[in-house]
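Residue numbers (this note's numbering): 69 to 487. Idealized CB from N, CA, C, for every residue including glycine.
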Ligand SMILES: Cc1cc2nc3c(=O)[nH]c(=O)nc-3n(C[C@H](O)[C@H](O)[C@H](O)COP(=O)(O)OP(=O)(O)OC[C@H]3O[C@@H](n4cnc5c(N)ncnc54)[C@H](O)[C@@H]3O)c2cc1C
């Protein structure tokens, strides 16, 4: 869509600044609508920005996001509020009233070396899913939008606070900032609150809580990333050694009556992609993928068959029953349903393909009338309600599907505000 100089109607509110929310926001703003994008984290990009590469083309996520960042920067109709939440919604299609809470960032511009040097305390690096630590004043990642540091005020000592306030230039840091709320009238709402990983600590028998070398698929993305905890080297967290036997455990907490009954749709492609990371970085490693069914999305069967032909990759059809420490290795027990035998094998690194849980399930937006199914995914009503859910807020989905959803929702929202 090209930039349309004639804005009209009330603004469109987009809640969630992942790939789905960003897409909806820029499409609507470029058409000519006023758009307010609210993201609870300190930067845009959602889960995708924390990936090493994304299928099917295996390009770094920053490729697509950099273009979107430019589109956001160049569009005065799009207002982005990071570290913000919607705390109340009332009204209906064409006439919503929304209260937004802006949390303090404490950082108002580009920090200097003096600011950075004033802080030595460290906090777990959320961007790396806690696999490393980072200074309490830091840039979340290289391409962060907005390009502003994050400050963890709670982690600072009094001496650090004093040094930070004394550092030049002085108007960049404001430790006295408080949360504030503001109200807006809105014509349509796009709900793009996305997903979080299923908590691997719930998977008692798969050893995540006890063994450092049992990691999740999202942690693997960061392990393989240049900006990750090992600068992109795939190493065992316990001892920093290169793993030579790597297992991927599919459906870890998915399609399971004890956990989530649904299929998370993207995990098979996720693990097939990550097996390629291992093949590229550790050419001698042997990879075993334990699966119930391999479900590549849509036309991506080739992605799977290329790996089937690889003699460093073995596929075992069978659910993994247990992962436990065995000296410095991990002993994995699984039923090989095709071979008809109980397998026990040692691995150096085990990657759990944990599934997608909708963020909406435990933090719905107060006052927003949006029905959910019993898993917590939002169900878009057949009739227009002025609220359109997109991306992984609706069901587990890959980027291309999330983007298509978002574009369609932008069109509906534009029609609502121009009625
Ligand atoms: C292991 C794994 C690997 C994957 N790899 C790929 C891949 O290679 N290629 C691919 O196409 N897909 C991949 N996917 C799927 C991909 O992650 C999703 O398609 C994508 O994240 C969906 O984007 P989204 O915007 O809907 O959600 P998200 O990425 O989750 O973004 C949602 C955003 O909303 C924000 N938010 C949440 N609640 C609120 C709130 N109340 N207020 C304000 N903001 C809020 C969040 O902070 C976040 O920024 C993978 C998934 C997994 C599990």
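- No Cβ-Cβ contact shorter than 9 Å links residue 315 with residue 219.
- Within its own chain, the residues whose Cβ lies closer than 7 Å to the Cβ of residue 136, once the five positions on either side in sequence are excluded, are 90, 94, listed in chain order.
- Under the three-state reduction of DSSP output, residue 122 falls in the strand class.
- In the same chain as residue 429, and ignoring 5 residues on each side of it, the C-beta atoms closer than 6 Å to its own belong to 444, in chain order.
- In terms of side-chain proximity, the C-beta atom of residue 467 is found nearer than 8 Å to a non-hydrogen atom of ligand 1.
- For residue 233, DSSP assigns no beta-bridge partner whatsoever.
- A distance below 9 Å separates the beta carbons of residue 260 and residue 82.
- Distance from the CA of residue 474 to the CA of residue 467, rounded to the nearest whole angstrom, comes to 10 Å.
- DSSP links residue 127 through a beta bridge to 122.
- Per DSSP, the continuous beta strand (DSSP E) segment holding residue 168 begins and ends at 163-170.
- With a minimum length of 3 residues, the unbroken runs of beta strand (DSSP E) contained wholly in the segment 192-229 fall at 201-203.
- Put simply, the segment 278-294 does not touch the segment 226-244. Fewer than three CB pairs are less than 8 Å apart.
- Residues 235, 236 of the same chain have their beta carbon placed closer than 7 Å to that of residue 182, with the five preceding and five following residues left out of the count.
- Residues 329, 330, 331, 360 of the same chain have their beta carbon placed closer than 8 Å to that of residue 323, with the five preceding and five following residues left out of the count.
- With a cut-off of 8 Å, the C-beta of residue 261 is classified as near ligand 1, since at least one heavy atom of the ligand falls inside that distance.
- Inclusion of residue 109 in the 8 Å shell around ligand 1 follows from its C-beta lying nearer than that to a non-hydrogen atom of the ligand.
- In this structure the segment 301-309 touches the segment 344-356; the number of beta carbon pairs closer than 8 Å is three or more.
- Relative to ligand 1, residue 460 has its C-beta within less than 8 Å of a heavy atom.
- Here the alpha carbons of residue 362 and residue 342 stand approximately 14 Å from one another.
- A contact is defined here as three or more CB-CB pairs under 8 Å, and the segment 238-257 meets this definition with respect to the segment 154-173.
- Rounded to whole angstroms, the separation of the alpha carbons of residue 399 and residue 355 is 15 Å.
- Among the bridge pairs identified by DSSP, residue 159 is matched with 164.
- Taking the CA atoms as reference points, residue 441 sits about 50 Å from residue 230.
- Comparing C-alpha distances from residue 374 to each of 401, 404, 392, 340 shows the shortest one belongs to 340.
- In this chain, the alpha helix (DSSP H) harbouring residue 369 covers 369-376.
- Just so you know, the alpha carbons of residue 381 and residue 357 end up roughly 8 Å apart.
- Linking residue 170 to residue 317 through their CA atoms gives a straight-line distance of about 40 Å.
- Setting aside the 5 residues that flank it on each side, residue 139 is surrounded in the same chain by 94, each with a C-beta closer than 6 Å to its C-beta; the list follows chain order.
- Separation of residue 334 and residue 280 (C-alpha to C-alpha, rounded to the nearest whole angstrom) is 24 Å.
- In this structure, DSSP gives residue 137 a helical state, which the three-state scheme calls helix.
- A residue is called buried when at least 16 other Cβ atoms come within 10 angstroms of its Cβ; residue 142 does not meet this threshold and is exposed.
- Distance between residue 100 and residue 127, taken at the CA atoms: about 31 Å.
- For residue 291, the shortest C-beta to heavy atom distance toward ligand 1 is 8 Å or greater.
- In this chain, residue 188 is not harboured by any beta strand (DSSP E), its DSSP state being neither H nor E.
- According to the DSSP assignment, residue 388 belongs to the beta strand (DSSP E) that extends over 388-394.
- Residue range 354-359 is occupied by the beta strand (DSSP E) that includes residue 359.
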